[in-house]
Structures are given as structure tokens and as C-alpha cells.
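Residue numbers (my numbering): 231 to 558. Don't be surprised by glycine CBs; every beta carbon is placed ideally from N, CA and C. Note that the coordinates shown come from a computational prediction; the quantities given were computed from them, not determined experimentally. Reviewing the structure listed below.
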Ligand SMILES: [Zn+2]
């Protein structure tokens with residue numbers, strides 16, 4: 231009996247184990263080539279009528295209706311006085327961003343699909359908190375406007391070759407968007423190209439000037455790079471070595487170090503990597519254009535295009551190359 235059982239195991243179970251491993255390896259390999267994590271092509275989108283949202287402060291996981299969630303995200307991510315078509319574009323992009331996380335087996339938040347933190351997933355604000363920050367007489371009409379933009383685009387997502395895209399977005403591109411490889415490294419996404427948008431410069435609140443003393447700069451960089459040595463009496467103590475294709479700072483030379491523009495942005499707390507600088511006696515003044523990583527849809531760019539008469543589909547297709555807007 232024992233011999234027969236062993237034979238059955240050898241004949242049936244060992245081949246199953248081998249083919250399973252082979253299947254998984256092959257599947258990962260072929261999908262990685264397309265910049266995707268494992269994605270089931272036959273996903274049943276009907277199961278995404280609700281999502282599980284992690285409240286990062288309390289650790290509580292709440293199951294909520296997808297469009298209700300998108301209303302809260304749109305109202306947290308974009309000023310309500312932006313054009314309707316820009317808000318609709320934001321709704322479709324936020325929904326796509328969410329669905330992409332759901333279909334790509336995202337293991338970031340066990341038990342939840344997405345969290346409410348802007349620095350991790352995408353911003354979310356409760357309706358109560360949102361209303362409290364608006365003038366009392368505008369609360370009802372503002373919330374109605376958000377709901378209209380979300381419900382009118384209900385079920386719509388941005389796809390590339392039939393799959394939801396990784397829909398990055400940011401505040402203001404300064405006129406030209408960035409490709410993701412220059413921000414996070416990794417590989418290219420065919421739908422995330424550098425595109426130009428007119429009218430971005432009219433949103434002057436996204437153009438900033440940061441004055442830091444020479445000592446502050448040294449201290450901030452030394453936190454990460456204690457080997458820094460810089461002699462500010464030399465004329466070329468700080469210089470831009472290389473720009474990205476979109477005109478952002480790719481490499482900055484400071485003293486004996488060469489640092490990536492994205493790292494300098496984080497260390498010095500600049501709003502973007504699109505900057506110039508001026509050194510005077512005690513300080514360095516950084517003049518920063520735009521706000522955010524610059525990849526994907528620019529929110530002020532969307533508003534600017536809406537003012538030029540573009541609808542939400544045209545806005546989305548402007549920022550994401552070769553995409554379609556499809557019903558889930
Ligand atoms: Zn998150």
C-alpha cells in the first residue's frame with residue numbers, strides 16, 4: 231500500500247508542482263516586460279463597486295462605494311473652483327489610479343486596497359472635513375459640483391492596450407511633463423511621455439522662490455552625505471551638470487558631490503526639480519517652476535486646457551499618450 235501511494239504521488243503530484251512553478255515564472259516574466267505587476271486579464275470589474283480604504287492615522291479599514299471614494303479624492307486633490315472638465319478628468323484619473331492598484335495585486339496594505347495618504351497612494355479627505363474648509367454658503371454647491379463630475383464619468387477609466395494605466399498626476403508641470411524614468415528610475419511606460427501644455431505659467435501660486443543660507447544647504451545635504459565639502463568662495467561651487475529631456479535638473483554638482491535633481495529636491499524641500507539658482511553673499515536663492523514630480527497629468531494644465539475648450543477626454547489624451555477612455 232505504501233509503495234502504491236508513493237507511486238501515485240510521483241506520477242501525479244510532482245508534475246503538478248513543476249508545471250505550476252513554470253507557469254508562475256513565465257507569467258511574471260511576460261508581464262514584467264510590459265511594466266506591469268501580475269495582472270489578471272479577465273478581471274471582473276463588477277467586484278470594484280466598493281473598495282477597502284485604509285485610514286492611515288487610525289489603521290481602520292473602511293469598505294466604501296468606489297464613486298463615493300472618488301468624490302473624496304477629487305475634492306482633496308483638486309481645487310473645486312477648477313473647470314468642470316478638469317475635475318472630470320481628475321475623477322477619471324483618480325478612478326484609474328485606484329483600479330490599477332486593485333488589479334495589480336498590490337500588497338502594500340494588507341487587507342486594504344489603497345490608503346488615504348497623498349505621499350503613499352492618493353489624497354483623501356472626509357466629506358465633513360472638506361465641507362468645514364469651504365465657506366458655509368458654498369458648501370452645498372461645491373460638493374454638488376464634485377459629485378456631478380464623478381457621477382457623470384462613473385465607470386470610466388483610462389486604458390492602454392485594454393489595461394488600466396498607472397495614472398500618475400501632479401499639481402503643475404511648469405509647461406512640460408516629465409518621463410517617469412527621470413524621477414524613479416526603472417523602465418519606461420509607453421503612455422507616459424513628456425508633453426507640453428500652454429497656460430501653466432498663469433498659475434503663479436505654483437512658482438516659488440526658496441532662500442537658504444549656505445550653512446543650511448550644507449547641513450541639509452550632510453544629513454544624507456556627510457562627505458560633502460563645498461567652498462562657496464569658488465565660482466563653480468554649485469553648477470547644473472545635466473538636464474532631463476523636459477528641462478528639469480537631472481544632475482547638480484555641489485562641491486565634491488554630484489547629486490540627482492530628484493534628491494536635491496527632497497533634501498532642500500523644493501517643489502520640483504525644475505529650478506534655477508543664484509548665489510549671493512550669504513544665501514542661495516532657488517527659483518522653482520511647477521509643483522510635483524511632473525509625471526502624467528498636470529492638474530493646472532488640465533484646468534488650463536479646459537479653459538481653452540477641451541473636454542475631459544481630450545485633456546486625458548493630451549497627458550497620456552495613446553490611451554483610450556473605456557467603461558470598466
Ligand atoms: Zn498607500
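On the DSSP letters alone, give me the boundaries of the beta strand (DSSP E) that residue i sits inside.
i, result
"residue 490", "487-490"
"residue 509", "505-509"
"residue 464", "Residue 464 -> no beta strand (DSSP E), and no H or E assigned at all."
"residue 357", "Counting along the chain, residue 357 falls outside any beta strand (DSSP E), though it belongs to the alpha helix (DSSP H) covering 357-362."
"residue 366", "Counting along the chain, residue 366 falls outside any beta strand (DSSP E), and DSSP gives it neither H nor E."
"residue 517", "513-518"
Assign residue i to one of three DSSP states: helix, strand, or coil.
i, result
"residue 419", "coil"
"residue 550", "coil"
"residue 538", "coil"
"residue 454", "coil"
"residue 469", "strand"
"residue 479", "strand"
"residue 545", "helix"
"residue 302", "helix"
"residue 437", "coil"
"residue 459", "coil"
"residue 375", "helix"
"residue 496", "helix"
Please name the residue in the options whose C-alpha comes closest to that of residue i.
i, options, result
"residue 430", "405, 437, 422, 303", "405"
"residue 355", "387, 402, 307", "307"
"residue 339", "290, 309, 299", "290"
"residue 360", "352, 372, 349, 239", "372"
"residue 402", "521, 383, 314", "521"
"residue 389", "325, 292, 232", "325"
"residue 519", "556, 547, 476, 537", "476"
Which residues mark the beginning and the end of the alpha helix (DSSP H) in which residue i is found?
i, result
"residue 328", "314-333"
"residue 412", "411-414"
Spell out whether any CB of chain C is found under 8 Å from the CB atom of residue i.
i, result
"residue 467", "Given the protein chain composition of this structure (a single chain), no chain C is represented."
Give me whichever residues DSSP pairs with residue i in a beta bridge.
i, result
"residue 283", "292, 344"
"residue 527", "399"
"residue 389", "394, 554"
"residue 442", "514"
"residue 521", "402"
"residue 382", "Beta-bridge pairing links residue 382 to no other residue."
"residue 484", "468, 487"
Any heavy atom of ligand 1 within less than 5 Å of residue CB: hits in chain order = 345, 350, 351
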